[in-house]
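Peer 1: In my numbering, the protein residues as written are 53 to 312. No residue lacks a Cβ here, since even glycine has one placed at the ideal position from N, Cα and C.
1) Suppose you measure from the CA of residue 188 to the CA of residue 198; what does that come to, to the nearest Å?
2) Does DSSP put residue 122 in a helix, in a strand, or in coil?
3) Rank 133, 302, 153, 310 by C-alpha distance to the C-alpha of residue 121 and give the top, closest one.
4) Starting from the N-terminal side, write out each stretch of the beta strand (DSSP E) that is 3 residues or longer and does not extend beyond the region 128-206.
5) Mind checking residue 296: buried by the 16 CB within 10 Å criterion, or exposed?
6) How is residue 268 classed by DSSP in three states: helix, strand or coil?
7) Give every residue of the same chain whose Cβ lies closer than 6 Å to the Cβ of residue 298, excluding the five residues on either side of it in the sequence, and list them in chain order.
8) By a C-beta neighbour count over all protein chains shown, 10 Å radius and 16 as the cutoff for buried, is residue 284 buried or exposed?
9) What is the rounded straight-line gap between the Cα of residue 274 and the Cα of residue 151?
10) If you reduce the DSSP assignment to three classes, tell me which class residue 99 lands in.
11) Which one or two residues does DSSP pair with residue 284 in a beta bridge?
12) Please state the DSSP three-state secondary structure of residue 113.
13) Are the beta-carbon atoms belonging to residue 143 and residue 178 less than 8 Å from one another?
14) By the DSSP assignment, the beta strand (DSSP E) with residue 278 in it spans what residues?
15) Tell me where the beta strand (DSSP E) around residue 302 begins and ends.
16) DSSP puts residue 262 in a beta bridge; with which residues?
17) How about residue 302 and residue 115: are their beta carbons less than 8 Å apart?
18) What number of angstroms, rounded off, separates the C-alpha of residue 204 from the C-alpha of residue 304?
Laid out in structure tokens, this is it:
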């Protein structure tokens, strides 16, 4: 029997192999991302590097195990339609720190593939009703770091990322010198305290990307994709990918983040 400690070279080799296998599953990501508008070449290259989608990251059995663990609690909550920052409608959410062993293994896979280090101990669970919508926003750097990664349960969906201010939402930027002189101190303070910023990001004369998030896939949004673009989940009446309707039913996201 070989006992692998945390620093074992064998463990490190196995981890690298596992990561490569998982990333190879996402090698068809070009079929899952549609670039719209006139993208500068360097920005499109950065986006390819910092926005990844891995199809079939979890199996049907693993999806069922995750769902069975969280459903008893989520089913007791009501869907909300008046989120305090107006970024989400038709949702219920919670955070979870302790998981059944088989589900801890799934979250450890997420950490290995998506993060260069530890993840925040509380995992965010976001349950979106069939009629629910996540509006365009940028998650505040006050509450999460450079990377956000989520597993999609129960339904396919379409995520849209639209180019916004390149500097304002960088780590540590909110409320600092990047704010314009015309902004009042109160506005900046409120913006910094918000969990999700909702900047203006028009599609007109802009460039953006639509991403198909298949059921049981993992998305990894980091660095420029995380800071320089708003992201949203399209409402079911707008849920199309490259002209094809993508039926969106109830969708649960298991979301991991790293520390600010």
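Peer 2: The relevant details are as follows:
1) Here residue 188 corresponds to residue number 136 of the chain shown, with the count starting at 1. Here residue 198 corresponds to residue number 146 of the chain shown, with the count starting at 1. So the two alpha carbons sit approximately 18 Å from each other.
2) On the chain shown, residue 122 is found 70 positions in, with the first residue counted as 1. Looking at residue 122 - three-state DSSP - the assignment turns out to be helix.
3) Taking the chain shown and counting its residues from 1, the one referred to as residue 121 is at position 69. Comparing Cα-Cα distances from residue 121 to each of 133, 302, 153, 310, the minimum goes to 153.
4) 140-148, 175-191, 199-205
5) Translated into positions along the chain shown, residue 296 becomes position 244. Exposed.
6) Sequence index remark: in the chain shown, residue 268 carries index 216 (1-based). It is coil, neither helix nor strand.
7) The residue given as residue 298 occupies position 246 in the chain shown. Around residue 298: 208, 210, 291.
8) Here residue 284 is taken as the residue at index 232 of the chain shown, counted from 1. Classification for residue 284: buried.
9) As a working note, residue 274 is residue 222 in the chain shown. As a working note, residue 151 is residue 99 in the chain shown. In a straight line, the C-alpha of residue 274 is about 25 Å away from that of residue 151.
10) Along the chain shown, read from residue 1 onward, the residue named residue 99 stands at position 47. Residue 99 falls in the helix class under three-state DSSP.
11) Sequence index remark: in the chain shown, residue 284 carries index 232 (1-based). In DSSP, residue 284 forms a bridge with 212.
12) Taking the chain shown and counting its residues from 1, one reaches residue 113 at position 61. In the structure shown, residue 113 sits in a helix (DSSP, three-state: H, G or I).
13) Here residue 143 refers to the residue found at position 91 of the chain shown. Here residue 178 refers to the residue found at position 126 of the chain shown. Contact: yes.
14) Locating residue 278 in the chain shown gives position 226, counting from the first residue. Here residue 278 belongs to no beta strand (DSSP E); instead the alpha helix (DSSP H) covers 275-279.
15) Taking the first residue of the chain shown as 1, we reach residue 302 at position 250. That residue, residue 302, is in no beta strand (DSSP E); it is neither H nor E in DSSP.
16) Mapped onto the chain shown, residue 262 falls at position 210. BP columns for residue 262 point to 86, 212.
17) Residue numbering aside, residue 302 sits at position 250 when the chain shown is read from its first letter. Residue numbering aside, residue 115 sits at position 63 when the chain shown is read from its first letter. No, they are not a contact pair.
18) Taking the chain shown and counting its residues from 1, the one referred to as residue 204 is at position 152. Taking the chain shown and counting its residues from 1, the one referred to as residue 304 is at position 252. Going by the C-alpha atoms only, they are around 6 Å apart.
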